[in-house]
Structures are given as structure tokens and as C-alpha cells.
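This report refers to the structure that appears directly beneath it.
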Amino acid sequence: MSTPMPLAVRVIRAEHDALAAMLRTVPLLLDAQRRAATPPDFGALRAMLFYVDEFPERLHHKKESELLFPKLRALAPALRETLDDLEVDHAQGERAIRELQHSLLAWEQMGEARREKFEQQLKVYSARYLRHMKREETEILPRAAALFSAEDWADLDAAFGSHQDPLAPRAGQPVDEAYAPLRQRILAALPAPFGWGPALA
């Protein structure tokens, strides 16, 4: 009988999948709007960037940096360089999302002349974030699975299980009412064929 996957790993992967799907979808949505000559939905774009800032950047990364990475550093010295790289990504992430939010506001306020800059920044930000998450899933989580004790996983499960990402709700648990409108705003802006799906392949 296989060992059940720890809650922390399930949460990390679910949150990665939700964010990756959104990051991959936004450029497709913008392209579709451009082809249809329809105006961009700036309200939805602001909601998406707010979500990235509110959850992945401030909450998800914080728990990785303060709990997951230190435990792994202590047990796998060979991963030091990889963990250092991922920590640099975390440190740069909050500044990058602020710059992206500013570029979106500039596009909204100043017009189409600012669109290209936003889309280019979004492309760079998304590529870096997708690469970052894939490294965590292929280099970090497998080593954690091999090295962590039941006590280690209990600590991580408690930490990652204490919040509810509105785009990655766990089965049987409702989305926090405070974030339900944010979830609906984002999902309403991503109709078929722009739905969620495996996104880190």
C-alpha cells in the first residue's frame, strides 16, 4: 500500500497548478480580445494580479522560505545552490508583481501605447514563475519526500493546511467568504476554452 501524500505537498501542488493555469491563460485571453477587437477587462486583470500578490507571493512563498526550505537545507546540503536560487526568486517576486501591477495601471490610464510593455513584463514574469514552480516540484518535493520524518510533515501540514487559496480550494472546504468575490471575478474572466487544467507539464 502506497503512503498517502502529505497534505502540504497536495496544497503546494494544487496552488502551483492554479497559478500556472492562470499565468498561461492570461496571454491567451489578451490575444483573443485583441483579435476580436474587444477592450481588455482591466478589472479582471487587476483581480488576477492582486491574487498573485495576496496568495502566492505573500503566503505560499513565505511558508516555503520559513519552513520547507530550512528543513531541507539541514538534511540535504547538496541542495544548497538550488535552494539559494529559489530564495532569490522569492525575494524578487514581490518587487516583480508590484512592477507588473504598475505597468497594468499605466496601460489602463495611458492607453495602448503602454500595452506592449505590460505584455512583455507579464511574459517574463510568467516564464520565471513557471520555471520556479517546476524546479520546486522536480527538485525539492521529491527530496523532501525521501528525507522528511513524520514530525517534519506534521509541521508542514499544519502550516500549509492553515490557509485556503481561493483558486485551489481543498475538497470539502469552502472558500473563505472574504475571497469568494475575488475567486468569482477571476473565474468569470476565464471562460472556456480558457479553463483550468494541468499546467506545469
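Using this note's numbering, the letters of the sequence shown map in sequence onto residues 43 to 243. Beta carbons: idealized from backbone N, C-alpha and C, even for Gly. This structure is a prediction, so every number in the text was calculated from the model and none was measured.
Close CB contacts of Glu136 within its chain, under the 8 Å cut and outside five residues either way in sequence, are with Asp95, Glu99 and Arg100 (chain order). Assigned with DSSP and collapsed to three states, Gln206 falls in coil, not helix or strand. Apart from the 5 residues on each side of it in sequence, Ala210 sits with its Cβ closer than 6 Å to the Cβ of Ala56, Glu57 and Ala60 in its chain, given in chain order.
Around the beta carbon of Ser145, 16 or more other beta carbons sit within 10 angstroms, so the residue counts as buried.
When secondary structure is reduced to three states using DSSP, Phe97 falls in the helix class. Arg227 sits close to Ala89, with the two beta carbons spaced by under 7 Å. Judged by beta-carbon spacing, Ala148 lies within the 7 Å limit of Arg156, meaning their Cβ atoms are closer than that value.
About 7 Å separates the beta carbons of Leu164 and Val68, which is inside the 8 Å limit, making them a contact pair. Secondary structure of Ala74 (DSSP, three-state): helix. In this structure, Ala201 sits near Lys105, with a CB-CB distance shorter than 7 Å. Counting of Cβ neighbours within 10 angstroms places Asp127 among the exposed residues, the total staying below 16. Annotated three-state conformation of Arg212 is coil, per DSSP. Ala74 and Phe92 have their C-alpha atoms roughly 22 Å apart.
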